[in-house]
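Number of protein chains: 2
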Amino acid sequence: MHEEVWRALADPTRRHLLDLLKAEPRSTGELCEACPKLDRCTVMKHLEILVQSHLVTVERRGRSRINHLNPLPLHQIVEKWVSGHTAQLALTAQKIKTLSEETST
Amino acid sequence: MHEEVWRALADPTRRHLLDLLKAEPRSTGELCEACPKLDRCTVMKHLEILVQSHLVTVERRGRSRINHLNPLPLHQIVEKWVSGHTAQLALTAQKIKTLSEETST
DNA sequence: AATATATGTTACTATAAAGTAACATATATT
DNA sequence: AATATATGTTACTTTATAGTAACATATATT
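Chains as they are written, first to last, in our numbering: chain R, 1 to 105; chain B, 1 to 105.
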């Protein structure tokens with residue numbers, strides 16, 4: 001299900017990892033370099049969760065593990081859930097305008 | 001920031017509450033009736049988190065609290081983060097096709 | 001074969017979240 | 001005023017998550 005995708009996206013570190021992988025596939029070591037504040041084990045745990053949610057796929061290359069971004073699950077939750085909510089924006093434009101002002105407070 | 005929005009959306013109960021509010025604003029009591037398995041306090045805690053993330057706004061009406069959906073934060077995280085990732089779908093159509101088969105396993 | 005490098009595994013700690021219970025307040029109804 | 005109703009608050013327990021440390025394995029390099 002998409003439950004894992006939502007959970008995976010909830011963490012800012014994981015979204016950052018996805019951002020890094022958006023540009024190009026990277027090895028785990030490269031991702032760790034890009035996240036100097038985090039322990040390697042922490043990065044690997046996050047990657048594990050991203051793999052379970054299918055947001056990241058793994059390619060083994062010798063002793064390296066190349067992590068690839070898979071944007072499909074993201075696209076799917078947008079299609080199946082988010083779009084149903086954001087569609088209202090067009091319908092209730094004036095109302096949103098008001099709420100927007102409250103939100104920015 | 002949008003951190004709270006991602007966190008709020010991570011929980012399936014909260015997404016269900018948003019689904020209920022999508023149709024029409026509802027009082028807390030009505031939401032509790034729609035979630036018979038959950039304690040009233042649990043529902044209120046979830047609503048609290050939804051309000052903090054601005055996904056729900058509250059209107060007081062006598063002794064009732066009417067909860068309104070605000071789809072704007074959702075729209076914003078799609079605009080600011082999700083769309084940047086899903087945009088790749090068009091660019092890497094063939095690759096995704098392959099990943100799709102892996103994902104559905 | 002010996003060594004370095006990259007990743008995997010297990011166990012632990014600290015923090016946060018989900019859920020509930022008991023009690024408190026505030027508004028409507030009679 | 002007394003009562004019922006709807007919501008708010010505080011404190012607690014259980015479970016899940018983030019993060020780390022120490023050790024294990026597997027591949028490349030020399």
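Even for Gly, the Cβ is constructed at its ideal location relative to N, Cα and C.
Residue from B:V43, B:K37, B:P12 with nearest C-alpha to B:R26: B:R26 has its Cα closest to that of B:V43, out of B:V43, B:K37, B:P12.
Helix, strand or coil for R:S53 per DSSP? Three-state result, R:S53: coil.
Under 8 Å: do the stretch 32-46 of chain R and the stretch 40-54 of chain B share three or more Cβ pairs, one atom per stretch? With the cut-off at 8 Å, the stretch 32-46 of chain R and the stretch 40-54 of chain B do not touch.
Within-9 Å CB hit, R:A34 to chain B: False, the Cβ-Cβ gap to chain B never drops below 9 Å.
Check the Cβ-Cβ distances between R:T13 and every residue of chain B, and say whether any is below 9 Å. For R:T13, the answer is no, since every Cβ of chain B falls outside 9 Å of its Cβ.
Where does R:S64 land, buried or exposed, given buried means 16+ other C-beta within 10 angstroms? Under this definition R:S64 is an exposed residue.
Do B:H2 and R:P71 come within 9 Å of each other at the CB atom, strictly closer than that value? Taking a C-beta distance under 9 Å as the contact criterion, R:P71 and B:H2 do not qualify as a contact pair.
Looking at chain B, which residues of the stretch 19-31 of chain R have a Cβ within less than 7 Å of any of its Cβ atoms? Those residues of the stretch 19-31 of chain R placed with their C-beta closer than 7 Å to a C-beta in chain B are K22, ordered along the chain.
Is there a C-beta anywhere in chain R that falls below 9 Å from the one on B:L38? Not a single C-beta of chain R is nearer than 9 Å to the C-beta of B:L38.
Nonlocal neighbours in the same chain, by C-beta distance under 7 Å from R:V56, ignoring five residues either side: Excluding its 5 nearest sequence neighbours in each direction, R:V56 has C-beta neighbours in its own chain below 7 Å: L21, L47, L50, N67, H68, L69, N70, listed in chain order.
Could you check what DSSP says for R:H180 in three-state terms: helix, strand or coil? Given that chain R is displayed from residue 1 to residue 105, the structure contains no residue 180 of chain R and the question cannot be resolved.
Quick one: does R:E59 have its CB under 9 Å from some CB of chain B? Output row for R:E59: interface = no.
Flag this pair as yes or no: are the beta carbons of B:L89 and R:L9 separated by less than 9 Å? No, they are not a contact pair.
My guess is that B:L17 and R:V82 are in contact by the Cβ rule of under 8 Å, so how many angstroms apart are they, rounded? Actually they are not in contact, since the Cβ atoms of B:L17 and R:V82 sit about 15 Å apart, beyond 8 Å.
In its own chain, which residues sit with a C-beta less than 6 Å from the C-beta of R:E4, not counting the 5 before and 5 after it? Here the set comprises Q52, S53.
Chain-order list of residues whose beta-carbon lies under 8 Å from that of B:K80 (same chain, five-residue window excluded): Correct list, in chain order: H2.
R:H46 CB to nearest chain B CB: under 9 Å? Judged by the 9 Å Cβ criterion, R:H46 is not in contact with chain B.
List the residues of chain B whose Cβ lies closer than 7 Å to the Cβ of R:L50, in chain order. Those do not exist, as R:L50 stays about 12 Å from chain B at its closest Cβ, beyond 7 Å.
When burial is assigned at 16 or more other CB atoms within 10 Å of the CB, is R:R61 buried or exposed? R:R61 comes out exposed.
List, from N- to C-terminal side, the beta strand (DSSP E) runs of 3 residues or more that fit wholly inside the stretch 31-90 of chain B. Within the stretch 31-90 of chain B, the complete beta strand (DSSP E) runs of at least 3 residues are 56-61, 64-69.
Quick check on this structure: which residue in B:A23, B:R7, B:P12 has the alpha carbon closest to the alpha carbon of R:A87? Nearest to R:A87 by C-alpha distance, out of B:A23, B:R7, B:P12, is B:A23.
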